[in-house]
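What follows is the structure, given as structure tokens:
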């Protein structure tokens, strides 16, 4: 069994990944600063859920990845085999309002993790990237070989920079790295600013669902499928590669809304708005490479995934995280 570090392990993808690795019998250390980018109570609740349902428990380290010396001390103390680097400031629009924090965490913090991996002989690094790196490209599906050097948001730029840094540390020091470009990950325990949360909240409150572009399509990818891809990547111990992790299904937003209406048993009020600067009209992943290298095989269509999300949303999230006035 391996000894894993998951940065951002109290986050949406990180907590699910940690739980899966613990279920498989691995040792897991979760590093997270539990910041207030969104309600930190949700991060604490994910950890509590993990302690409740996992046969063995993770080690929790409350740490900002920008602290170089602290990161090195943690690596020295724990003797990790593999690192899954998920810690980041995410989302396109907030990055336009505060690009400095995105650069500090997503670029500076990634350099700290790469240096710690180099100095401590880490056998494998998995780096979380994003479909946002494809910027304004209009030809879908997106391929890993597409030009990503024209990002249209600071968030995307920091993730392109992260990929380039990972390639550099591999070229200079032979650090094995797999960069994974995630496509609109959703499911239980997700981030509340994501579209699925926002749409569900609006439908339940009888307020308009703000749909940015009727023709907008997203390759929504269910969390369990993404976790399977991450764990597949964590077994690659040589080379440098970049893989898309998507569902390979460009879902029009009206189809998502219909699935939410069905499972929430409530009709949506639709209000269309134009796309914001930095947003992409359509995303669709070519997942051939991930299938070949990682054994990646997504199995959750949007209708099935939305049902699982709504079941959790109604049973747990609304009663625990929305006051009575918000739930009406």
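In the numbering used here, the protein residues as written are 2 to 329. Yeah, the Cβ is synthetic: ideal placement off N, Cα and C, and Gly gets one too. Treat the numbers as computed from the prediction; the structure is a model and nothing was measured.
Buried or exposed for residue 33, please, with buried defined as at least 16 other CB atoms from any protein chain shown within 10 angstroms of its CB. Locating residue 33 in the chain shown gives position 32, where the first residue counts as 1. So residue 33 ends up on the buried side.
Three-pair Cβ contact test at 8 angstroms for the stretch 155–175 versus the stretch 188–195: no
The beta strand (DSSP E) spanning residue 86 covers which residue range? As a working note, residue 86 is residue 85 in the chain shown. Taken as a continuous stretch (DSSP letters only), the beta strand (DSSP E) holding residue 86 covers 83–86.
Just to confirm my understanding: we take residue 100, look at its own chain, exclude 5 residues before and 5 after, and list those with CB closer than 8 angstroms. What are they? Your numbering for residue 100 matches position 99 in the chain shown. Closer than 8 angstroms at Cβ, skipping near neighbours: 155.
Residue 167 (DSSP reduced to helix, strand or coil): Counting from 1 along the chain shown, the entry for residue 167 is found at position 166. In the structure shown, residue 167 sits in a helix (DSSP, three-state: H, G or I).
Assuming the contact rule is C-beta atoms closer than 8 angstroms, residue 284 and residue 184 should be a hit. Round their C-beta distance to whole Å, please. Residue 284 sits at position 283 when you count from the first residue of the chain shown. Residue 184 sits at position 183 when you count from the first residue of the chain shown. Indeed, because the Cβ distance is near 6 angstroms, the residues count as touching under 8 angstroms.
Report buried or exposed for residue 140, applying the criterion of at least 16 other Cβ atoms within 10 angstroms of its Cβ. If you number the chain shown from 1, residue 140 lands on position 139. Counting Cβ neighbours within 10 Å, residue 140 comes out exposed, since fewer than 16 surround it.
Ordered list of alpha helix (DSSP H) runs contained in the stretch 13–61, each at least 4 residues: 13–24 and 41–54
If the criterion is Cβ atoms closer than 9 angstroms, does the pair residue 211 and residue 199 meet it? On the chain shown, position 210 is the one that residue 211 refers to. On the chain shown, position 198 is the one that residue 199 refers to. Yes, Cβ-Cβ distance for residue 211 and residue 199 is below 9 angstroms.
Could you tell me which of 187, 153 and 223 sits nearest to residue 300, measuring between CA atoms? Mapped onto the chain shown, residue 300 falls at position 299. Residue 223 is the option with its Cα nearest to residue 300.
Going by the CB atoms, is the gap between residue 188 and residue 306 shorter than 9 angstroms? Stepping through the chain shown from its first residue, residue 306 is reached at position 305. Stepping through the chain shown from its first residue, residue 188 is reached at position 187. For residue 306 and residue 188, yes; Cβs fall inside 9 angstroms.
Integer-rounded CB distance, given that residue 274 should sit under 8 angstroms from residue 213: Taking the first residue of the chain shown as 1, we reach residue 213 at position 212. Taking the first residue of the chain shown as 1, we reach residue 274 at position 273. With a Cβ gap of about 5 angstroms, residue 213 and residue 274 count as contacting.
Using a Cβ-Cβ cutoff of less than 6 angstroms, which residues in the same chain neighbour residue 228 once the five nearest sequence positions on both sides are dropped? Here the question's residue 228 lines up with position 227 in the chain shown. Result list for residue 228: 17, 18 and 21, in chain order.
Does the beta-carbon of residue 14 have 16 or more other beta-carbons within 10 angstroms, so that it is buried, or is it exposed? As a first step, residue 14 is located in the chain shown; it is residue number 13 there, counting from the start. Residue 14 is buried by the Cβ-count criterion.
Sequence-distant residues of its chain with Cβ nearer than 7 angstroms to residue 109 (five each side left out): The sequence position of residue 109 within the chain shown is 108, counting from 1. So the list reads 67, once near-sequence residues are dropped.
Do residue 245 and residue 143 have their CB atoms nearer than 9 angstroms? Locating residue 245 in the chain shown gives position 244, counting from the first residue. Locating residue 143 in the chain shown gives position 142, counting from the first residue. Against a cut-off of 9 angstroms, the Cβ pair of residue 143 and residue 245 comes out as a contact.
Compare the C-alpha of residue 287 against each of 270, 249, 278 and 304 and name the closest. The count along the chain shown starts at 1 and reaches residue 287 at position 286. Considering only alpha carbons, the answer is 249.
State the beta-bridge partners of residue 245 as determined by DSSP. Within the chain shown, the letter at position 244 stands for residue 245. Answer is 182, bridged to residue 245.
Please classify residue 125 as buried or exposed, where buried requires at least 16 neighbouring CB atoms within 10 angstroms. As a working note, residue 125 is residue 124 in the chain shown. Buried is the call here.
Buried or exposed: where does residue 321 fall if 16 or more other Cβ atoms within 10 Å of its Cβ makes it buried? Your numbering for residue 321 matches position 320 in the chain shown. Counting Cβ neighbours within 10 Å, residue 321 comes out exposed, since fewer than 16 surround it.
Using 8 angstroms as the threshold, is the stretch 23–30 in touch with the stretch 54–63, meaning 3 or more CB pairs across them? yes
Residue 228: first and last residue of the uninterrupted beta strand (DSSP E) it sits in: Counting from one through the chain shown, the residue named residue 228 turns up at place 227. Segment 224–234 is the alpha helix (DSSP H) holding residue 228; no beta strand (DSSP E) there.
Whole-angstrom distance between residue 311 and residue 266, CA atom to CA atom: Taking the first residue of the chain shown as 1, we reach residue 266 at position 265. Taking the first residue of the chain shown as 1, we reach residue 311 at position 310. Each residue's alpha carbon lies about 10 angstroms from the other.
Return the Cβ separation of residue 8 and residue 88 in integer angstroms, given the expectation that the two are a contact with Cβ distance under 8 angstroms. Looking up residue 8 in the chain shown gives position 7. Looking up residue 88 in the chain shown gives position 87. So it is a contact: roughly 4 angstroms between Cβ atoms.
Beta-carbon proximity list for residue 329, same chain, < 8 angstroms, skipping 5 on both sides: Taking the chain shown and counting its residues from 1, the one referred to as residue 329 is at position 328. In this predicted model, residue 329 has a pLDDT of only 40, less than 50, meaning its place in the structure is not dependable enough to derive any value.
When you compare each of 290, 103 and 302 to residue 242 by their alpha carbons, which one comes out closest? Walking along the chain shown from the start, residue 242 turns up at place 241. Nearest C-alpha to residue 242: 290.
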